[in-house]
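Notes for the one structure printed next.
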Amino acid sequence: MTDFVVHSIPGSPYGRAVMVALEEKGASYRLSPVAPGTFRSPEHLARHPLGKVPVLDHGDYRLYETQAILRYLDRVLPRPALTPADPRMAGRMDQAMNINDCYLFNGVSNTIGLQRVVLPRVMGVAPDEAIIAAAMPRAKEVFAVLANQLGQGPYFAGDAVSLADVMLAPQLDFFREIPEWEALGGPHPRLGAWLDRMNARPSLVKTTWAKVADMAKAA
Ligand SMILES: N[C@@H](CCC(=O)N[C@@H](CS)C(=O)NCC(=O)O)C(=O)O
């Protein structure tokens, strides 16, 4: 039986984070693809009143906003825990999740990632190099902040994978194969090593853009 339904689209780093969490928990779920161009349809606005993905259905319970979904999943599926027991480490996890939303997605992913990866791949549109260039100073700052938080550790909030890693890996994965990686990730080899470690996890392997596109076709 499918316990969870994820409304999302292939290529959404937020949608992928939810699927990564479900995979880490060994939970049964299915993707319900949201058709491009229908985010502001009455049908989707009934799921998410601001017209975003992902949205999670768990039986008759519906939840939107990725941080809320991830924390909900960690409460209803407590093993393996994806929140550190130590309050100080849990604080670090929350800090990294907010950096993801407020500074990485807003200003970096939604400019550089959108222009360099999403628009060319989804719409066949050439990237706007001026938008990318203008976003680079902020992107360098955010990458340095993330690398500083990672420090010498294996993960963002202690010795085990947490919701912070689950959120950040899909987002940073967008930058791995683009020319800007050299300037953004190059100065921070430990960040690149962390991303390689995350990308080797079955939860990430099973939720690549191509794998989620296959799920969407099969739905
Ligand atoms: N704050 C939201 C952000 C979700 C978000 O921005 N999702 C993107 C896809 S990665 C989206 O729905 N974009 C469609 C749009 O903005 O019209 C969350 O945490 O779930």
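Counting from 1, position 213 in the sequence shown corresponds to residue 249 in my numbering; the numbering is continuous, with no gaps.
For every residue, glycine included, the Cβ atom is placed at its ideal position computed from N, Cα and C.
Keep in mind the model is a prediction, meaning the values are calculated, not measured.
Original post:
Taking all protein chains shown into account, do 16 or more other C-beta atoms lie within 10 angstroms of the C-beta of proline 78, making it buried, or fewer, making it exposed?
Top reply: Counting C-beta atoms within 10 angstroms of its own C-beta, proline 78 has fewer than 16 neighbours from the protein chains shown and is therefore classed as exposed.
**OP:** Select from Gly187, Val197 and Ile214 the residue whose C-alpha is nearest the C-alpha of alanine 53.
**Re:** Alanine 53 has its Cα closest to that of Val197, out of Gly187, Val197 and Ile214.
**OP:** Would you mind sorting glutamate 165 into buried or exposed? The rule is 16 or more other CB atoms within 10 Å of its CB.
**Re:** Residue burial is scored here from C-beta neighbours: glutamate 165 has fewer than 16 other C-beta atoms within 10 angstroms and is therefore classed as exposed.
Original post:
Candidates Arg76, Ser44 and Leu220: which alpha carbon is nearest valine 91's?
Top reply: With distances taken between CA atoms, valine 91 lies nearest to Ser44 out of Arg76, Ser44 and Leu220.
Original post:
Can we count valine 89 as close to ligand 1, meaning its CB is less than 7 angstroms from some heavy atom?
Top reply: Because some heavy atom of ligand 1 lies under 7 angstroms away, the Cβ of valine 89 counts as near it: yes.
**OP:** Compare the C-alpha of isoleucine 168 against each of Gly160, Ala180, Leu155 and Met159 and name the closest.
**Re:** The alpha carbon of isoleucine 168 has as its nearest neighbour, out of Gly160, Ala180, Leu155 and Met159, the alpha carbon of Leu155.
Original post:
Which class does leucine 256 belong to by DSSP, given the choice of helix, strand or coil?
Top reply: The displayed coordinates of the chain run from 37 to 255. Any statement about residue 256 would go beyond what the structure contains.
Original post:
Are the stretch 53-65 and the stretch 232-241 touching by the rule of at least three beta carbon pairs closer than 8 angstroms?
Top reply: Output reads yes: the stretch 232-241 touches the stretch 53-65.
Original post:
At a cut-off of 7 angstroms, is tyrosine 108 close to ligand 1 when judged by its beta-carbon and the heavy atoms of the ligand?
Top reply: No; taking the cut-off as 7 angstroms, the Cβ of tyrosine 108 has no heavy atom of ligand 1 nearer than that.
Original post:
Distance, Cα to Cα, valine 153 vs proline 163?
Top reply: So the two alpha carbons sit approximately 8 angstroms from each other.
Subject >> Short Cβ contact (8 angstroms threshold) for phenylalanine 192 with aspartate 201 >> reply: Yes, they are a contact pair.
Original post:
What are the partner residues of glycine 194, as DSSP defines its beta bridges?
Top reply: When beta bridges are read from the DSSP output, glycine 194 appears opposite Tyr191.
**OP:** State the DSSP-derived secondary structure class of phenylalanine 75, mapped to helix, strand or coil.
**Re:** Three-state result, phenylalanine 75: coil.
Subject >> Segments of 4+ residues assigned as alpha helix (DSSP H) that fall wholly inside the stretch 75-122 >> reply: Annotation: the stretch 75-122 contains the following complete segments of the alpha helix (DSSP H) (minimum length 4 residues), in chain order: 78-83 and 102-112.
Subject >> Strand pairing of proline 69, partner residues [DSSP] >> reply: Partner(s): Ser44.
**OP:** Starting from the Cα of proline 114, find the closest Cα among Asn146, Glu213, Glu218 and Ala63 and give me that residue.
**Re:** With distances taken between Cα atoms, proline 114 lies closest to Ala63.
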